[in-house]
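Quick mapping for you: the protein sequence lines, in order, are chains A and B.
Under our numbering, the first sequence has 91 at position 91, and the numbering climbs by one with no breaks.
Under our numbering, the second sequence has 84 at position 84, and the numbering climbs by one with no breaks.
Just below is one structure, and these are the notes that go with it.
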Amino acid sequence: DAKTTQPPSMDCAEGRAANLPCNHSTISGNEYVYWYRQIHSQGPQYIIHGLKNNETNEMASLIITEDRKSSTLILPHATLRDTAVYYCIVSMNSGYSTLTFGKGTMLLVSP
Amino acid sequence: DTEVTQTPKHLVMGMTNKKSLKCEQHMGHRAMYWYKQKAKKPPELMFVYSYEKLSINESVPSRFSPECPNSSLLNLHLHALQPEDSALYLCASSQDGINYGYTFGSGTRLTVV
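In structure tokens, the structure reads:
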């Protein structure tokens with residue numbers, strides 16, 4: 001069962017903000033939202049995660065709606081190196097949960 | 001050391017061969033994972049090791065046999081594979097019980113002929 005829904009592809013101009021949406025309407029109270037990305041021919045890379053509050057780190061910002069049914073990953077100034085498949089994953093943060101990848105969004109950053 | 005190292009990077013094997021994929025990390029992570037990724041598809045979880053014990057086997061065929069000899073090493077032994085097993089095999093590690101901060105290796109590209 002798909003726990004998240006993401007657009008299959010998005011385009012972004014270099015230097016502009018990339019806003020990647022994710023719907024997770026069945027998220028439960030103890031489940032976190034995780035974002036990973038996979039650049040071509042590499043392993044996935046952790047970006048950011050959150051439970052309820054908005055989060056920011058050196059790579060990106062994560063905005064989670066108040067009802068937690070959707071979120072947006074923001075890359076503030078996209079570069080060509082940000083071209084990748086971005087995965088939004090919902091899971092508990094415990095020893096008995098793992099990461100299950102959905103289809104993700106292919107983000108293409110163009111000059 | 002903040003990397004997961006996978007060897008070999010590429011492997012071509014016949015259906016009657018026996019081969020092994022290796023994964024190594026020195027970050028002190030106690031959870032290690034094998035994922036399989038077919039072309040243009042997301043990674044699929046195969047096995048999870050927690051404190052060197054197999055904790056999850058996602059109904060993977062017995063021709064794939066994982067092994068965790070110590071806390072830094074994870075192997076995947078391959079025997080009698082089929083052409084449809086051709087894929088990118090990814091190893092990852094994390095602090096046990098934490099889903100953020102998985103560190104993935106670059107994978108082994110396996111071709112079964």
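Yeah, the Cβ is synthetic: ideal placement off N, Cα and C, and Gly gets one too.
Positions along the stretch 25-55 of chain A whose CB lies within less than 9 Å of some CB in chain B: Residues passing the 9 Å Cβ filter: 32, 34, 36, 38, 41, 42, 43, 44, 45, 46, 48 and 49.
Host beta strand (DSSP E) of residue 24 of chain B (start-end): Going by DSSP, residue 24 of chain B is part of the beta strand (DSSP E) stretching over 18-25.
Under the three-state DSSP convention, the category residue 11 of chain A falls into: Residue state, collapsed to three classes: strand.
Range covered by the beta strand (DSSP E) that runs through residue 31 of chain A: Run containing residue 31 of chain A: 31-38, per the beta strand (DSSP E) assignment.
Terminal residues of the beta strand (DSSP E) in which residue 36 of chain B lies: Residue 36 of chain B -> beta strand (DSSP E) spans 31-37.
Simplified DSSP state of residue 81 of chain A, which is helix, strand or coil: Helix, per DSSP.
Residue interval of the beta strand (DSSP E) (run including residue 23 of chain A): Per DSSP, residue 23 of chain A belongs to the beta strand (DSSP E) from 18-23.
Chain B residues whose Cβ lies nearer than 9 Å to that of residue 103 of chain A: What residue 103 of chain A touches in chain B, judged by beta-carbon distance under 9 Å, is 41 and 42, going in chain order.
Best match in A:103, A:91, A:109 and A:100 for proximity to residue 28 of chain A [C-alpha to C-alpha]: Among A:103, A:91, A:109 and A:100, the Cα nearest to that of residue 28 of chain A is on A:91.
Residue-chain proximity (residue 1 of chain A, chain B), Cβ-Cβ < 9 Å: With a pLDDT of 47 at residue 1 of chain A, under the threshold of 50, the modelled position of that residue is not reliable, and the figure given next carries that caveat. No, residue 1 of chain A lies away from the interface with chain B (no Cβ there is under 9 Å from its Cβ).
Contact belief for residue 60 of chain A with residue 75 of chain A at Cβ below 8 Å, rounded distance in angstroms: Beta-carbon to beta-carbon, residue 60 of chain A and residue 75 of chain A are separated by about 5 Å, close enough to satisfy the 8 Å threshold.
With 16 other Cβ atoms within 10 Å as the buried cut-off, status of residue 46 of chain A: Residue 46 of chain A is classed as buried because its beta carbon has at least 16 other beta carbons within 10 Å across all chains shown.
Residue 43 of chain B - DSSP class collapsed to helix/strand/coil: If DSSP states are grouped into helix, strand and coil, residue 43 of chain B belongs with coil.
Neighbour list for residue 5 of chain A in chain B, Cβ cutoff strictly below 9 Å: Per Cβ cutoff of 9 Å: no residues; residue 5 of chain A is ~14 Å from chain B at best.
Whether residue 82 of chain A touches residue 107 of chain A by CB criterion (9 Å): Here residue 82 of chain A is near residue 107 of chain A, since their CB atoms are less than 9 Å apart.
7 Å Cβ cut-off: residues of chain B touching residue 100 of chain A: For residue 100 of chain A, the residues of chain B that pass the 7 Å Cβ criterion are 45, in the order they occur in the chain.
9 Å Cβ cutoff met for residue 12 of chain B and residue 88 of chain B: No, the Cβ-Cβ distance between residue 12 of chain B and residue 88 of chain B is not below 9 Å.
Reduced DSSP secondary structure (H/G/I, E/B, other) of residue 84 of chain B: Here residue 84 of chain B sits in helix by DSSP.
Contact set between residue 102 of chain B and chain A, taken where Cβ atoms lie within less than 8 Å: Annotation: Cβ neighbours of residue 102 of chain B in chain A (cutoff 8 Å, chain order): 36, 44, 46 and 99.
7 Å CB neighbourhood of residue 84 of chain A in its chain, flanking five on each side removed: Cβ within range, chain order: 37, 38, 39 and 107.
Member of B:75, B:71 and B:112 whose CA lies at the smallest distance from the CA of residue 86 of chain B: Closest by alpha carbon: B:112.
Minimum Cβ-Cβ distance from residue 93 of chain B to chain A less than 9 Å: By this cut-off, residue 93 of chain B is not an interface position.
Residue closest to residue 53 of chain B, alpha-carbon to alpha-carbon, out of B:15, B:70 and B:91: Nearest of B:15, B:70 and B:91 to residue 53 of chain B, Cα basis: B:70.
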